[in-house]
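Undergrad:
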Amino acid sequence: MSAHAADAAIPHTVEPHPVTGLPNGKFGIWLFLASEVMLFGALFSSYVLIRTQAPHWPPEGGLSSEILNVPLATVNTAVLITSSITMVLAWASCKMGRIDRFRLWMGGTIALAFVFLVIKYFEYTDKFHHGHFPSTNNFYAIYFTLTGLHGLHVVGGIIVNTFLLTIGTRLWKVDRDHFTNRVENAGLYWHFVDLVWIFLFPSLYLL
Amino acid sequence: MAETAEHSSPEQFKKHLGQYYVVFVALLCLTAVTVAVSYLHLKRPLAIAIALVIATVKAGLVAGVFMHLISERKVIYAVLILTAAFFLLVLLLPSLTIFEGVVV
Numbered sequence: 001m002s003a004h005a006a007d008a009a010i011p012h013t014v015e016p017h018p019v020t021g022l023p024n025g026k027f028g029i030w031l032f033l034a035s036e037v038m039l040f041g042a043l044f045s046s047y048v049l050i051r052t053q054a055p056h057w058p059p060e061g062g063l064s065s066e067i068l069n070v071p072l073a074t075v076n077t078a079v080l081i082t083s084s085i086t087m088v089l090a091w092a093s094c095k096m097g098r099i100d101r102f103r104l105w106m107g108g109t110i111a112l113a114f115v116f117l118v119i120k121y122f123e124y125t126d127k128f129h130h131g132h133f134p135s136t137n138n139f140y141a142i143y144f145t146l147t148g149l150h151g152l153h154v155v156g157g158i159i160v161n162t163f164l165l166t167i168g169t170r171l172w173k174v175d176r177d178h179f180t181n182r183v184e185n186a187g188l189y190w191h192f193v194d195l196v197w198i199f200l201f202p203s204l205y206l207l
Numbered sequence: 001m002a003e004t005a006e007h008s009s010p011e012q013f014k015k016h017l018g019q020y021y022v023v024f025v026a027l028l029c030l031t032a033v034t035v036a037v038s039y040l041h042l043k044r045p046l047a048i049a050i051a052l053v054i055a056t057v058k059a060g061l062v063a064g065v066f067m068h069l070i071s072e073r074k075v076i077y078a079v080l081i082l083t084a085a086f087f088l089l090v091l092l093l094p095s096l097t098i099f100e101g102v103v104v
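Chains as they are written, first to last, in our numbering: chain B, 1 to 207; chain G, 1 to 104.
#1: Out of curiosity, what's the CA-to-CA distance linking valine 75(B) and alanine 32(G)?
#2: Quick one: which residues of the region 94-109 of chain B get their C-beta closer than 9 Å to a C-beta of chain G? List them in chain order.
#3: Determine the burial state of leucine 204(B): buried for a count of at least 16 other Cβ atoms within 10 Å of its Cβ, exposed for fewer.
#4: What does the Cβ neighbour count give for aspartate 175(B), buried or exposed, with the cut at 16 atoms within 10 Å?
#5: Let me know if valine 35(G) comes out buried or exposed under the rule of 16 or more other beta-carbons within 10 Å of its beta-carbon.
#6: Taking a contact to mean a Cβ-Cβ separation below 8 Å, would you say asparagine 181(B) touches aspartate 126(B) in this structure?
#7: Work out the CA separation of tryptophan 172(B) and arginine 98(B) for me, nearest whole Å.
#8: Quick check: the Cα distance between leucine 46(G) and serine 65(B), rounded to an integer number of angstroms?
#9: Chain B partners of valine 33(G), CB-CB under 8 Å?
#10: Rounded to whole angstroms, what's the CA-CA distance from lysine 15(G) to alanine 141(B)? Just pull it up for me.
#11: Are the CB atoms of alanine 113(B) and isoleucine 50(B) within a distance shorter than 8 Å?
#12: Report all residues from its chain with a CB closer than 7 Å to the CB of alanine 63(G); omit the five preceding and five following residues, and keep chain order.
#13: Cβ closer than 9 Å: which chain B residues qualify as neighbours of valine 75(G)?
#14: Using three-state DSSP, classify methionine 38(B) as helix, strand or coil.
#15: Can you tell me where the alpha helix (DSSP H) with leucine 52(G) in it begins and where it stops?
#16: Which residues in chain B have a C-beta closer than 9 Å to the C-beta of valine 62(G)? List them in chain order.
#17: Measuring CB atoms only, is the region 32-48 of chain B touching the region 79-98 of chain G, in the sense that at least three cross pairs come out at less than 8 Å?
#18: For serine 135(B), does the three-state DSSP call read helix, strand or coil?
#19: Does any residue of chain B have a CB that is nearer than 8 Å to the CB of proline 45(G)?
#20: For tyrosine 140(B), which three-state DSSP category applies?
#21: At the level of alpha carbons, what is the spacing between histidine 243(B) and phenylalanine 192(B)?
#22: Is it true that the CB of alanine 51(G) sits closer than 8 Å to the CB of proline 202(B)?
#23: Output the distance between the C-alpha atoms of lysine 123(G) and serine 93(B), rounded to the nearest integer angstrom.
#24: In chain B, which residues lie less than 8 Å from alanine 51(G) when you measure between Cβ atoms?
#25: Could you pull the start and end residues of the alpha helix (DSSP H) that proline 71(B) belongs to?
#26: Please state the DSSP three-state secondary structure of histidine 56(B).
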């Protein structure tokens with residue numbers, strides 16, 4: 001609120017902090033990802049416990065791969081993997097001083113994230129039409145909780161990436177390295193979201 | 001490799017883009033393999049082992065190359081080792097319920 005707030009620059013946005021050897025933002029995002037591992041880890045642990053204690057899995061009989069839509073989820077896996085490389089290329093474009101290329105790759109990343117959510121929407125609505133809700137049984141409770149939380153992370157990624165693609169790009173004109181670091185940090189988060197899906201896909205759909 | 005990718009000049013940096021594409025293709029191939037294996041309907045322990053090994057390799061590629069963990073600062077490794085330890089604890093914690101009621 002101070003009039004001098006703008007003068008008090010946050011330190012170590014570009015120059016590494018002497019203790020960590022990293023810019024503060026990057027260290028911060030890694031600590032955040034560590035807490036994310038625990039969030040998803042606790043839910044995954046619950047899944048393992050509930051599943052191993054269940055007499056039948058899924059409770060209604062059959063196989064997970066017969067109940068859930070494996071082809072759609074496979075396409076979604078490819079969509080997320082593709083969005084991960086476009087994210088890396090967006091950051092690489094900043095590194096090479098090509099803000100035009102950055103816009104292209106970042107736009108692609110956001111578009112792919114939307115494709116993922118649209119496919120997820122079709123999966124969800126199909127389940128709802130057949131009367132399958134989180135309250136149906138433990139299988140659907142776990143399926144909706146884990147994929148729902150993951151979906152919220154995709155939405156979060158879209159918000160951050162859209163900021164960087166629009167008003168956030170102003171920083172490029174002021175401090176290229178600082179902006180590039182922001183893109184890198186957003187990328188670290190985005191790759192983590194991809195990483196979570198890499199484990200969710202086989203454990204929920206295929207096994 | 002990525003150490004130099006992180007700190008190299010724009011011209012040198014271009015050479016490192018190739019490895020991102022290699023990892024991208026590898027991730028797509030491994031996805032195809034894990035789906036194909038699931039249609040074989042192997043015995044559950046074997047199926048779980050194969051699926052988790054493939055997922056771990058994919059995660060390693062994403063973390064190692066896309067998140068350039070193969071050439072990171074020690075402090076990040078320290079954070080991740082601590083995280084991995086607590087993650088394992090959370091995974092194993094439910095198995096303690098087996099001992100419930102056991103009188104020592």
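Don't be surprised by glycine CBs; every beta carbon is placed ideally from N, CA and C.
TA: Taking the geometry as given:
#1: Put simply, the backbone Cα of valine 75(B) is about 10 Å away from that of alanine 32(G).
#2: Contact residues of the region 94-109 of chain B toward chain G are Lys95, Met96, Gly97 and Arg98 (C-beta to C-beta distance below 9 Å).
#3: So leucine 204(B) ends up on the buried side.
#4: By the 10 Å Cβ count, aspartate 175(B) comes out exposed.
#5: By the neighbour-count criterion, in which 16 or more other beta carbons inside 10 Å mark a residue as buried, valine 35(G) falls on the buried side.
#6: No, these two residues do not count as a Cβ contact at 8 Å.
#7: Arginine 98(B) and tryptophan 172(B): Cα-Cα distance of roughly 11 Å.
#8: When only Cα atoms are considered, leucine 46(G) and serine 65(B) end up about 16 Å apart.
#9: Correct list: empty, because the minimum Cβ distance to chain B is about 11 Å.
#10: In a straight line, the C-alpha of lysine 15(G) is about 47 Å away from that of alanine 141(B).
#11: Contact: no.
#12: In chain order, Leu69 place their CB closer than 7 Å to the CB of alanine 63(G), counting only its own chain and leaving out the 5 sequence neighbours on each side.
#13: For valine 75(G), the residues of chain B that pass the 9 Å Cβ criterion are Val19, Thr20, Gly21, Leu22, Phe27 and Trp30, in the order they occur in the chain.
#14: In this structure, methionine 38(B) counts as helix in the three-state DSSP scheme.
#15: First-last of the alpha helix (DSSP H) with leucine 52(G): 44-61.
#16: Going along chain B in sequence order, the residues near valine 62(G) (Cβ under 9 Å) are Ile81, Ser84, His191, Phe192, Asp194, Leu195 and Ile198.
#17: Yes, since at least three Cβ pairs between the region 32-48 of chain B and the region 79-98 of chain G fall closer than 8 Å, the two stretches touch.
#18: In this structure, serine 135(B) counts as coil in the three-state DSSP scheme.
#19: For proline 45(G), the answer is no, since every Cβ of chain B falls outside 8 Å of its Cβ.
#20: Tyrosine 140(B) falls in the helix class under three-state DSSP.
#21: The question about residue 243(B) has no answer, for chain B in this structure spans 1 to 207.
#22: Judged by their CB atoms, proline 202(B) and alanine 51(G) are nearer to each other than the 8 Å cut-off.
#23: Coverage of chain G is limited to positions 1 through 104, which leaves residue 123(G) absent and any answer about it impossible.
#24: The answer, in chain order, is Pro202, Ser203, Leu206 and Leu207.
#25: Residue range 70-95 is occupied by the alpha helix (DSSP H) that includes proline 71(B).
#26: DSSP, read as helix, strand or coil, puts histidine 56(B) in coil.
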